[in-house]
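What follows is one structure encoded as structure tokens, with my remarks underneath.
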Amino acid sequence: MIWLVACLTALITALLVSGLWVAFYSRTRNRAASSTLRIQSLEDQLIETRADMEHHRDLVFDAMAEGVILCDLGGRVVFMNRAIHRIFGIPENIPENTTLLEALRLHEVEEVFERTLKSGRTMGIEINPTGLDTNSLRLNAVGVHSSSGQAESVLLI
């Protein structure tokens, strides 16, 4: 008889523990699913906010009379404003991954880009490009950094 009571007690305890575990697992799984949905929503908001910021950046740069080029750390053109296209006679639709040198065909600009990247400081020089309507151009380049201080791109004006 004692053996039977002990077995029933063990069985009831096992059922209770299993029920508690299933409830805990279900609750944890629901929280994880909810967290995943929240993370996805935040990622979507971040993508949308970044796109809005890039659009506003492009509007501001396009309104400038000065030429503006934004290059990634590999020297590929991320953005060129209308003034750059006008000044250098560059077609509006340049291929993706075009390098700064391929776009402008000016070694002086490439050198300023490289020096800015290496030194991390703002650089400024006067260049005398041939084949343009102007005798000389003032070129300034500055590194663009993330909020954590890591270099992200170089802005040339």
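Those letters in the sequence shown? Residues 20 to 176, per the working numbering, in order. We put the beta carbon where it would ideally sit given N, CA and C, even for glycine. Remember, it's a predicted structure, so these values are computed and weren't measured experimentally.
| Check | Outcome |
| --- | --- |
| Determine the DSSP secondary structure at Ile176, reduced to helix, strand or coil. | coil |
| Report the start-end ranges of each beta strand (DSSP E) in the stretch 63–144 that is 3 residues or longer and not cut off at the edges. | 88–91 and 96–99 |
| Ordered along the chain, which non-local residues of its own chain (more than five positions away) have a Cβ less than 8 Å from that of Val128? | Leu119, Leu120, Ile146, Leu158 and Leu175 |
| Val97 to Leu65, Cα distance in whole Å? | 20 Å |
| Between which two residues does the beta strand (DSSP E) holding Asn159 run? | Leu156 to His164 |
| Should Thr135 be labelled buried (16 or more other beta-carbon atoms within 10 Å of its own) or exposed? | buried |
| Per DSSP, what are the beta-bridge partners of Ile146 in this structure? | Leu156 |
| So, under 8 Å CB-CB, Ala70 and Gly86 are touching, yes? Tell me the CB distance rounded to an integer number of Å. | With a Cβ gap of about 24 Å, Ala70 and Gly86 do not count as contacting. |
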